[in-house]
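In the working numbering, the protein residues as written are 2 to 211.
From the three backbone atoms N, C-alpha and C, an ideal C-beta is built for every residue, glycine too.
To start, the structure under review is shown below, and the notes come after it.
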């Protein structure tokens with residue numbers, strides 16, 4: 002058996018990476034870089050791609066839109082526990098960020114948006130403790146994730162959970178803690194198929210400055 006490392010271009014891609022490339026193609030058609038027919042063809046190719054080389058092939062002639070994961074890059078390892086503090090301001094985590102096993106969110110009169118759809122999650126279960134006072138927390142979970150909110154306490158607060166069922170998925174999120182006069186929204190992306198096109202809401206459009 003050969004011990005030679007696998008070429009990064011031959012690494013398998015995830016659904017999240019395919020969806021990210023479709024978002025870039027949506028941006029390309031909006032800028033007039035490709036036609037609607039080309040968008041349809043490239044979207045089909047992106048959704049069928051198995052490796053990074055195949056995925057990047059649909060973007061190779063589009064300036065500034067090479068899929069970032071087509072080249073190797075390091076994502077810092079997640080700490081076992083991370084505490085996020087926010088007072089009267091907005092805090093967000095998006096893209097490929099390392100998710101710890103235990104996450105604490107302390108939010109006072111602010112807004113906290115955590116997008117886990119492209120995050121690096123190495124644990125089957127992610128425990129999130131909320132300490133919210135007159136603030137809002139929005140959690141966007143991966144497509145196949147599940148959540149348990151039974152241990153979350155509300156005091157004049159609001160919980161809007163749009164993730165069906167408490168059956169254990171992967172990853173599985175467990176919410177606990179206290180929400181005082183604040184709100185918590187939990188949802189997954191919505192996917193709409195129009196013919197051969199798969200469109201995701203909310204859209205995630207990147208710019209060259211990102």
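Grouping DSSP H, G and I as helix and E and B as strand, with all else coil, what is residue i?
i           : result
residue 40  : helix
residue 80  : coil
residue 2   : With a pLDDT of 46 at residue 2, under the threshold of 50, the modelled position of this residue cannot be trusted; read the value that follows with caution. Looking at residue 2 - three-state DSSP - the assignment turns out to be coil, as it is neither helix nor strand.
residue 35  : coil
residue 125 : coil
residue 184 : strand
residue 14  : coil
residue 46  : helix
residue 30  : helix
residue 23  : helix
residue 104 : strand
residue 53  : helix
CB-CB under 7 Å to residue i, same chain, minus the five flanking residues each way: which ones, in chain order?
i          : result
residue 86 : 107
residue 97 : 76, 119, 120 and 121
residue 80 : 101
Thinking just about the alpha-carbon of each residue, which of the options is nearest to the one in residue i?
i           : options               : result
residue 170 : 153, 134 and 127      : 127
residue 188 : 153, 178 and 144      : 144
residue 103 : 114, 38, 178 and 200  : 178
residue 125 : 148, 62 and 21        : 148
residue 114 : 9, 34, 83 and 185     : 185
residue 59  : 18, 130, 105 and 200  : 18
residue 216 : 152, 95 and 14        : The structure shown has nothing for residue 216, since the chain only spans 2 to 211.
residue 131 : 152, 142 and 11       : 152
residue 48  : 21, 38 and 33         : 21
residue 200 : 16, 12 and 84         : 16
residue 82  : 158, 88 and 105       : 105
residue 95  : 142, 50, 84 and 88    : 142
residue 146 : 39, 174, 46 and 45    : 174
residue 89  : 123, 117, 129 and 133 : 133
Near residue i, which residues of its chain fall below 8 Å by C-beta distance, leaving aside the five closest residues on each side in sequence?
i           : result
residue 135 : 109, 110, 181, 182 and 183
residue 35  : 26, 29, 43 and 63
Skipping 5 residues on each side, what residues in its chain have a beta carbon closer than 6 Å to that of residue i?
i           : result
residue 150 : 162 and 176
residue 112 : 91 and 137
residue 140 : 115 and 187
residue 202 : 191
residue 154 : 179
residue 11  : 52
residue 84  : 105
Return yes when the C-beta of residue i is under 6 Å from any heavy atom of the ligand FMN, and no when it is not.
i           : result
residue 141 : No copy of the ligand FMN occurs in the structure displayed, which carries no ligand at all.
Buried or exposed for residue i, going by 16 or more other Cβ atoms inside 10 Å?
i           : result
residue 64  : exposed
residue 61  : exposed
residue 165 : exposed
residue 193 : exposed
residue 158 : buried
residue 156 : exposed
Completely contained beta strand (DSSP E) runs for the stretch 138–182, where each covers 3 or more residues | Look at the stretch 138–182 and you find these whole runs of beta strand (DSSP E), each 3 residues long or longer: 147–156, 159–162 and 173–181.
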